[in-house]
Every structure is written in C-alpha cells, then in structure tokens.
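Student:
Number of protein chains: 2
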Amino acid sequence: VGEGDLAQIEKLVDELHPADFADLLQALTPDERRFVIKVCRHILEPETLNYLDEVVRDEVIGLMSPGEVAQAVSELETDDAVDILEDLDEAEKQRVLRAIPAADRAVIEQGLTYPEDSAGRLMQRDLVAVPQHWTVGEAIDYLRANQDLPDDFYDLFVVDPMHKPIGAVPLSRAMRNKRIVKLEDLMHTEFRVVPATMDQESVAYLFRQYGLMSAPVVDDAGRLLGVITVDDVVHVIEEEAEEDLLGIVGVSETDFHAPALETAWRRVRWLVVTLCNSAIASTVISQFEATIEQIVALAILMPIVAAMGGNAGVQVITVMVRALATRDLQPRGSNVWRVVGKEIAVAAINAAVFALVMGTVTSFFFGLPIGLVLGAAMVFNMIWAGIAGTLIPLTLARFGIDPAIGAGPFLTTTTDVFGFFSFLGLATLFLL
Amino acid sequence: VGEGDLAQIEKLVDELHPADFADLLQALTPDERRFVIKVCRHILEPETLNYLDEVVRDEVIGLMSPGEVAQAVSELETDDAVDILEDLDEAEKQRVLRAIPAADRAVIEQGLTYPEDSAGRLMQRDLVAVPQHWTVGEAIDYLRANQDLPDDFYDLFVVDPMHKPIGAVPLSRAMRNKRIVKLEDLMHTEFRVVPATMDQESVAYLFRQYGLMSAPVVDDAGRLLGVITVDDVVHVIEEEAEEDLLGIVGVSETDFHAPALETAWRRVRWLVVTLCNSAIASTVISQFEATIEQIVALAILMPIVAAMGGNAGVQVITVMVRALATRDLQPRGSNVWRVVGKEIAVAAINAAVFALVMGTVTSFFFGLPIGLVLGAAMVFNMIWAGIAGTLIPLTLARFGIDPAIGAGPFLTTTTDVFGFFSFLGLATLFLL
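Chains as they are written, first to last, in the numbering used here: chain A, 6 to 437; chain B, 6 to 437.
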C-alpha cells in the first residue's frame, strides 16, 4: 500500500469483501488510511462502514462529506444505518439526516428513538407480512409483483387485521406446498414475540435458549414492527460472553483501535480499584509489623496464602457469573443453596489437599510450627474464597447489579485481606 | 415437583419448550431428575437431549434404554445426533447405533468419522441441491413433489455435474421471481465454501467476518456434502469467546453441573500453576530476607507493586488475546510492532501516573526514600507488564500455541517476580 500505485490499489479494494477491506483499513496507520480513503471513496461499499471498529469508523466518516455518508447510509439495512448514525455527534447527524431521502429518513429517525441496546435497534424494518386468509399462491404472486420488498428474508409473517403477528411460515414450507394451501395451515405459532423495548441481552437469551432463526418485533400494542434475525444477534451473544469475562478480569472493553492516551484513560478505573485493594491489604499487613519483624519467613510465605485464595475464588466467581448470565442459575432459584453448598465443598476439598502439600513443604524449609500455621491459613482462606466466590455474585444479582462488573477485583480484595489476616494473625497467636 | 402429582407434572412437561424442560431437569437434584424422567420418558422430546449439559445428559441417557435413545437420536438433525452419540462410551454407542434404522445409521456413522470440532460435525446433511440449468419453476415443482426433503432450509445450492457447489439461491430470491427465470441468473457465487475438515474456530470466523447465514460444506474433491447454518455456529462463537477469557483467568471450563469431587479435580491444574507461581515469587522474596529484616515496611508495601503490575498486565493480555482470536491482529502482521509500541506507551503513561500518586502517599507514611523506591519499582513493573502482556501471547501465537491458555497465570508469575525483585532489589541497593 505504501507504494501508491493507484490503479493497483483500486483494483485490490474493488475485489475485496467489505469485511476484509474494513480489516485492511484498520491495520493501516492513520496516514495510510487517509490516503486509501481518498483514492477509494468512489468505490467504497457502504457495508464497509459497519465492519469498522468505532474509532476507525469515526475517522473514515470524518473524511467523507455528509452527502457521501447519507448516500452510504441509505443503502444499508435500517439497523446498520441507525448503528452508524447514533455514533455521530449531533450536528453531523443532522447534516447527514437532511441529505437522506425523506422515506428512508423517517424509518431511520424512528429507529433512533429506541433505546440503545434494545430490540428496536437490532431489528430490520424490512419484512414480509401477509394476511391470514392468503394461500401459498397469493403470497407467491404478491412477492413476484411487489418490487419494494426486502431482498433477503426467511419467513412470511402472518398478521391479523390489527397487524399483530399470529404465525410465521418459513419460506421453505411455503415453497414445498401447493398454491392452494392456506398459509394459516402452514404457519407455526410457536415463535417468540419480542417487544421493541426489550434489552438486547434478553433477546440474545431467547435466540440462544430456543435456537431461533428469526423473531418478530412488536410495539406496545402488539403490532408487528420489524424482524430480528439470528445474524443480528450473533455479535450480541459474543459481546455478552466477552463482557462477563472482561468484567471479572477488570478490563472494561477490548479497546484495540483507540489511541494510546484514550486507552490509558479507559484502563485507569480498574487500576485505581487494584490500588485501593492492595492498599487495604497493605494496611492489614502493617498491623502485624511486629510479628514480621521477629519472623521474616512470614513475609516470604504470605503471598502464597493470598494467591491461592485469590485464584480459587476467581475460578468460583467465573463459573457463577457465567451460570447467572446463561440463566442456568437464578439468584432466587430453588437450586441456589445446593450450588453454594457444592462450591464450598469443592473449595474445602482443594483447600485440604493444597494445605497438606504446602504445609509439608514449608515445614521442611521453615520448621513444623510455620508449616502448620501456613496450612491452617490456606484452608481458611480457600474456603472463604468458595463462600465469597458464590455469595458476592449472587448478592449483586439479587440487587439487580450486573454480577460480572468488578466481581473479580472485589473478590481478590477479600481473599487478600482474609489471607494476610489469617496467616499473620495465626502466627502472632501461636508462634510468638 | 417434589409433590409427585403425576398428571400435573406430565401436563407441565408437555407444555414446556424442550430447552426449558432441559433447564428444569438441570435445576433438579439427581433424585428428583430420576423421578421426572421415569414419569415423563414417553413424552420426552428428542431435542431436550441437545439442550442438556453433558454431565446431566449422561445421567438422563443412562436412565433410557438403547432403543429409546436410538428412537430419539434418529429424530434429530444429523449434527445433533452425532453430538449425542460421540459422548457415549464405545459399548453404549454400538448398542444405540444397532437400534437405529440403517439409512439414518449410515449418515450418523459418517458424521462420526469427522474429527471433533470440525466443520463436518457442525453441518447438516439435509440440504437441497439443484442442477444449474433448472428454472425457478422446476425447482418449485421438485420441492413440492419430493417428500424426502428437509423441513427447514434457507438456500437452494446450485451444483455442477460433479456435484460441486457453484452458487446459492436464497429462497426469498427464488420466490420473488417468475417460474421461467433460470436459477443460474439468480444465484450468487460469493458464498464461502467450507471444507469438512476445517476447524470449527475457523468456521465461526468466516460466519462472523462475512455475516453469513449459511455455507456449503464440501469434501476433499470439492463435492457438496452438507450445509452449516448460522444457528449451528452461534454456540461455537460463544464458546470461543468464553474459552479465550476463561483461559486467561485460569479456569478450564464452566463446569456448572459436574459433581463436587470432579469439579475439584478439574480445577486442580490451575491451582497447581498458581502454587508454583507463588512459590517462585516466595523464592525471590527470600533472597532479600536480610533487607526485609531491617526495613519491615518493605513487606507491607511489596504486594502493591506486584498487584499493580499483575493487573496492568492482565488488561494488556486480555486485549491481545481477543485481538488475536478475532484476527484483528495477526502474529506476523504488518501492524504488530505498532500495536506493541502502543501498549507499551499506554503502560508507561499509567505507570508514571500511578507511581507518582503512590510514591507520594508512601513518602508521607514511610519517608521519602521508601516512596522513591516504591515509585521506581512500580514504573519498572508496569512497563514490564506492558512488554510481557504483548510479547507472551504474540510469541505463543507465532509458535501455533493457543495464546489464551495459561497466558494470565504465566504473566502474573513474571510480574510478581519482577515486581518483588525490582522493589526489594532497589531497596537493598539504595536504602541499606
């Protein structure tokens, strides 16, 4: 790319799938990116914008005129268009909207009224709704005659006179039946209706739980508004799994394309949490200064107690957060206490095993008394990790707080504090 | 459920979606589960088995006769049937296979020949392939006349005389065109062909990257074997995101339904790694025993240096592992050094800020010299975290090792060791 052979670049870009071109743009430096956009703006496929990361997309849109953006946006599906527009600043958004043809604009503006991360934002407005009394033949004739219908769809939605969805006919069933068969007799009524205001996390749950390919979206009155297909939900499902686990680790998002200073700032929050945590742990240690002064071996061994408790706790909390997210576990479900009991049993088993091993090794190097204290502190702390690892996420979930966010740092604070306290406390009691 | 009102249980189960029934079974105790299965075995929908967690599924299948399992399995789609059979032990598998009708058995046995986690396992064998020269009308007549075709499908695959796929016609396009239109003129040829041996991770990448709804699967000679639809891939995409992040945390899987002893055993591996890590860190500390003896404040403060480095490093490594998994970053890509540079810059910025804050606070409590040493050690360790956090996953990826597995524990070992070494080492040099 650095070479600047215009014709060759154009040819390359033209052959690339928009997703691959987006990847290429993202791999370039900002300067190279500017150059490629300048050369290729006339052959840029609108879908490319959707595949771009938010940071790079802002940059690319900044290089295009409002008219060009409007042109691109109106060629996209509603949900993708709304996605792009909502990230623009207000003035830019208005400029682009004014340049979009009125009919498209109305649909996009309505899309923007739904809350972010709601079903209304995920759905496409383009769908095929047919009345109950139609036959397969009538539907086929309607599809053939009407040029204004969406290109790709997978179901015919059967609606009543109030435009409420009452059934869905997969295209494959419609095609496999004779023209005289009534759609009513083909439709299945087991589909899940999604209110436009439903949170995207709940939508993803429905799709995953019931293996759905598509679901109709309705307004408050139950009227058919749009359709969500599984490909719209794939990235939501992925994001949800990612967010849960990133929250546990203490990273807010995978900010791969943001500039260094912005990335540094985004990560500050969790580093501040870590700093507070370790400051609390240090305060606990400082209470036992006199003990450490007399037995320096304690300073050498205390990280082991804290680390084992922390790791055992993170294992528990990860399992709990995922079980809560996939709704295998309900915070007030009948199996909650059984699960808590099992996790504490697991913690106790591993605590006993590791305390025995490490206590023996330590006795060998530092003498039996220190070995016994270390073993006892490890048992206490690892069982505590099992208790805290189950109860912290359950309690957060009961109060309606996302259990993933901060569960990890919060947990390791407790295991650090409890680990140092039990180890140094037992040593003060029994070794001095 | 405990009440035992048979008719009511049966009615309840009959109304439940198989996915919900599976959830219900999983929430029960093993005894309750046995009871419900005994009562409901005659109305058990085969799909229920697919929604069950592996541990619970084994239990449920153990309660069924080979004949019943065979009956259930032959009603499922090929990929789901293979999924269930491959988890059975060899003798049980043979008993079930013998009870399946010959035609279904052949298809399932062939499915079992593909490697686990390959495209061949994900695909359905049921698809609709049509010759190139057919028209829309011929295709519709074929679909109507042939009762042996799958219930739900989304594309007609156009094949050449060698049965190689040359195009795909989405059903919606076929329906919207007149009977005389040739399929050849409607088909798009941009579909991605998936070899049956392709790893499911690569399949998931294709679907996510190009927003595919379905893709044809071919054998070594390029002949059409089956089709993978996006719903088959959803759980793969989710699993991949989950595995990456679980690997970083050091949990091998979310073993929610396994019994306590088995769960304890599965978690031992990462606890052993943690133990080794903290033993190494302890060895480093023990080298500075004499220094700590003289300045106990060091023992109080050293966890702060290690924790800040560890957390900063985990943030970096998480971003890197996800970028490698989503192929935003290639281990030998042209942007590797830019990315590494950016991450080290981010680490340096945050290192400077936090070292300044914490050095000042420490000076206030423990005097300026200790504050300076702490600040310097924090800068070194957090920059080291940036370097290790980028280079460890990149190096693993270059050698073809999954960078997610163990990256976190490996990283924190280096930040613990480097943190203790730099803090205690600087103190030994300048404070004694």
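Each residue gets a CB set at the ideal place from its N, CA and C atoms; glycine is no exception. Please read these numbers as outputs of a predicted model, since none were measured by experiment.
Is there at least one Cβ from chain A nearer than 8 Å to R46(B)'s Cβ?
Tutor: Residue mapping note: residue 46(B) aligns to position 41 of the second sequence, counting from 1. Taking Cβ atoms only, chain A never reaches closer than 8 Å to R46(B), which makes this a no.
Student: Using only CA atoms, which one of E73(A), F415(A), A381(A), T268(A) lies nearest to L396(A)?
Tutor: If you number the first sequence from 1, residue 396(A) lands on position 391. For L396(A), the nearest C-alpha among the options comes from F415(A).
Student: Tell me, to the nearest whole angstrom, how far the beta carbon of G231(B) is from that of R103(B); I am working on the premise that it is less than 8 Å.
Tutor: Numbered from its first residue, the second sequence carries residue 231(B) at position 226. Numbered from its first residue, the second sequence carries residue 103(B) at position 98. With a Cβ gap of about 24 Å, G231(B) and R103(B) do not count as contacting.
Student: Give the secondary structure of K43(B) by DSSP, where H, G and I count as helix, E and B as strand, and everything else as coil.
Tutor: Numbered from 1 along the second sequence, position 38 holds the residue referred to as residue 43(B). DSSP places K43(B) in helix when its eight states are reduced to three.
Student: I need the straight-line Cα distance from N340(B) to L33(A), nearest angstrom please.
Tutor: Locating residue 340(B) in the second sequence gives position 335, where the first residue counts as 1. Locating residue 33(A) in the first sequence gives position 28, where the first residue counts as 1. Near 7 Å, if we compare the C-alpha coordinates of L33(A) and N340(B).
Student: Identify the contact partners of S427(B) in chain A, using a Cβ-Cβ distance below 8 Å as the criterion.
Tutor: By one-based count along the second sequence, residue 427(B) stands at place 422. Neighbours of S427(B) on chain A: none; closest Cβ ~15 Å, over 8 Å.
Student: Could you compute how far the alpha carbon of D204(A) sits from the alpha carbon of V241(A)?
Tutor: Against the first sequence, residue 204(A) aligns to sequence position 199. Against the first sequence, residue 241(A) aligns to sequence position 236. Taking the straight line joining both Cα atoms gives about 11 Å.
Student: So A412(A) packs on G314(A), CB below 8 Å; how close in whole Å?
Tutor: Within the first sequence, the letter at position 407 stands for residue 412(A). Within the first sequence, the letter at position 309 stands for residue 314(A). No, A412(A) and G314(A) are not in contact; Cβ-Cβ is about 15 Å, not under 8 Å.
Student: Alpha carbon to alpha carbon, how far is P35(B) from V6(B)? Give it in angstroms, no decimals.
Tutor: Position 1 of the second sequence, counted from the first residue, corresponds to residue 6(B). Position 30 of the second sequence, counted from the first residue, corresponds to residue 35(B). Legend: pLDDT at V6(B) = 48, less than 50; position of this residue unreliable, value from coordinates given subsequently. Spanning the two alpha carbons is a distance of roughly 13 Å.
Student: Determine whether the beta carbon atoms of V41(A) and A124(A) lie at a separation below 8 Å.
Tutor: For the purposes of this step, residue 41(A) is taken as the residue at position 36 of the first sequence. For the purposes of this step, residue 124(A) is taken as the residue at position 119 of the first sequence. Cβ atoms of V41(A) and A124(A): not closer than 8 Å.
Student: If you measure from the beta carbon of Q320(B) to each beta carbon in chain A, is any gap under 8 Å?
Tutor: To locate residue 320(B), count along the second sequence from 1; it is residue 315. Yes, Q320(B) counts as interfacial toward chain A.
Student: Give every residue of the same chain whose Cβ lies closer than 6 Å to the Cβ of F426(B), excluding the five residues on either side of it in the sequence, and list them in chain order.
Tutor: As a position in the second sequence, residue 426(B) is number 421, starting the count at 1. Contacts found: V289.
Student: Kindly say whether W275(B), judged by its beta-carbon, lies nearer than 8 Å to any beta-carbon of chain A.
Tutor: The residue given as residue 275(B) occupies position 270 in the second sequence. True, the Cβ-Cβ gap to chain A drops below 8 Å.
Student: With the cut-off set at 8 Å, would you say A61(A) and H262(A) are in Cβ contact?
Tutor: Within the first sequence, numbered from 1, the residue matching residue 61(A) stands at position 56. Within the first sequence, numbered from 1, the residue matching residue 262(A) stands at position 257. Looking at the sequence provided, one finds Val at residue 61(A) rather than Ala. Closer than 8 Å, so yes.
Student: Short check: CB of L57(A) to CB of L93(A), under 8 Å?
Tutor: Position 52 of the first sequence, counted from the first residue, corresponds to residue 57(A). Position 88 of the first sequence, counted from the first residue, corresponds to residue 93(A). It is not a contact, given that the beta carbons lie outside the stated cut-off.
Student: Shortest alpha-carbon distance to G142(A) belongs to which of V164(A), L188(A), D153(A), S177(A)?
Tutor: Translated into the one-based positions of the first sequence, residue 142(A) becomes position 137. Comparing Cα positions, the closest option is L188(A).
Student: Do P308(B) and P170(A) have their C-beta atoms closer together than 8 Å?
Tutor: Numbered from its first residue, the second sequence carries residue 308(B) at position 303. Numbered from its first residue, the first sequence carries residue 170(A) at position 165. Going by C-beta atoms, P308(B) is not nearer than 8 Å to P170(A).
Student: Here's a check: name, in chain order, each residue in its chain whose Cβ is nearer than 6 Å to the Cβ of T419(A), leaving out the five neighbours to either side.
Tutor: What you label residue 419(A) is simply residue 414 of the first sequence in a count that begins at 1. Answer for T419(A): A393, listed in chain order.
Student: How far does the alpha helix (DSSP H) with A263(A) in it reach, from first residue to last?
Tutor: Taking the first residue of the first sequence as position 1, residue 263(A) is located at position 258. Per DSSP, A263(A) belongs to no alpha helix (DSSP H) and is neither H nor E.
Student: Only counting runs of 4 or more residues, tell me where the alpha helix (DSSP H) segments fall wholly within the region 8-62 of chain B, in order along the chain.
Tutor: Those alpha helix (DSSP H) runs which fall completely within the region 8-62 of chain B and span 4+ residues are 11-20, 23-32, 35-45, 52-56.
Student: Does DSSP put I171(A) in a helix, in a strand, or in coil?
Tutor: As a first step, residue 171(A) is located in the first sequence; it is residue number 166 there, counting from the start. Residue state, collapsed to three classes: strand.
Student: Who are the Cβ neighbours of V164(B) in its own chain at under 6 Å, not counting the five residues just before and after it?
Tutor: Your numbering for residue 164(B) matches position 159 in the second sequence. Here the set comprises A134, P170, L229.
Student: Assuming L303(A) and T296(A) form a contact by the criterion Cβ under 8 Å, report the distance between their Cβ atoms to the nearest whole angstrom.
Tutor: Numbered from its first residue, the first sequence carries residue 303(A) at position 298. Numbered from its first residue, the first sequence carries residue 296(A) at position 291. Right, their Cβ atoms sit about 7 Å apart.
Student: Kindly indicate the opening and closing residues of the alpha helix (DSSP H) around L396(A).
Tutor: Taking the first residue of the first sequence as 1, we reach residue 396(A) at position 391. 373-403 is the extent of the alpha helix (DSSP H) around L396(A).
Student: Taking Cβ to Cβ, would you say I388(B) is nearer than 8 Å to A360(B)?
Tutor: The sequence position of residue 388(B) within the second sequence is 383, counting from 1. The sequence position of residue 360(B) within the second sequence is 355, counting from 1. Their beta carbons are not under 8 Å apart, which means I388(B) does not touch A360(B) by this criterion.
Student: Closer than 7 Å between beta carbons: that is the criterion. Which residues of the region 363-378 of chain A meet it against chain B?
Tutor: Listed by position, the residues of the region 363-378 of chain A near chain B (Cβ gap below 7 Å) are M363.
Student: So what does S123(A) bridge to, in DSSP terms?
Tutor: The residue you call residue 123(A) lines up with position 118 of the first sequence. Looking at the DSSP assignment, S123(A) forms a beta bridge with D204(A).
Student: Just confirm the distance between the C-beta atoms of E248(B) and A209(B), as a whole number of angstroms; I'd bet it's less than 8 Å.
Tutor: Working through the second sequence from its first residue, we reach residue 248(B) at position 243. Working through the second sequence from its first residue, we reach residue 209(B) at position 204. Not confirmed; about 11 Å, so no contact.
Student: Okay, do the region 174-185 of chain B and the region 145-158 of chain A touch, 3+ Cβ pairs below 8 Å being the bar?
Tutor: Short answer: they touch.
Student: From the DSSP output, read off the bridge partner residues of P219(A).
Tutor: Residue mapping note: residue 219(A) aligns to position 214 of the first sequence, counting from 1. Per the sequence shown, residue 219(A) should be read as Ser rather than Pro. S219(A) pairs with T234(A).
Student: What does the alpha-carbon distance come out to for the pair G216(B) and T367(A)?
Tutor: As a position in the second sequence, residue 216(B) is number 211, starting the count at 1. As a position in the first sequence, residue 367(A) is number 362, starting the count at 1. The alpha-carbon atoms of G216(B) and T367(A) are separated by roughly 56 Å.
Student: Alpha carbons only, please: which of D10(B), P71(B), L21(B), I354(B) is nearest the one belonging to V44(B)?
Tutor: In the second sequence, residue 44(B) corresponds to position 39, counting from 1. For the residues D10(B), P71(B), L21(B), I354(B), the minimum Cα distance to V44(B) belongs to D10(B).
Student: Going by the C-beta, is Q214(A) closer than 7 Å to any heavy atom of the ligand SAM?
Tutor: The ligand SAM is not part of this structure, which contains no ligands at all.
Student: Please check if any C-beta of chain B sits within less than 8 Å of the C-beta of D84(A).
Tutor: Mapped onto the first sequence, residue 84(A) falls at position 79. Answer no: the Cβ-Cβ gap between D84(A) and chain B never drops below 8 Å.
Student: Within this structure, are the beta carbons of A352(B) and A390(B) separated by less than 8 Å?
Tutor: Residue mapping note: residue 352(B) aligns to position 347 of the second sequence, counting from 1. Residue mapping note: residue 390(B) aligns to position 385 of the second sequence, counting from 1. Contact flag set, yes.
Student: Give the secondary structure of K187(B) by DSSP, where H, G and I count as helix, E and B as strand, and everything else as coil.
Tutor: Locating residue 187(B) in the second sequence gives position 182, where the first residue counts as 1. Looking at K187(B) - three-state DSSP - the assignment turns out to be strand.
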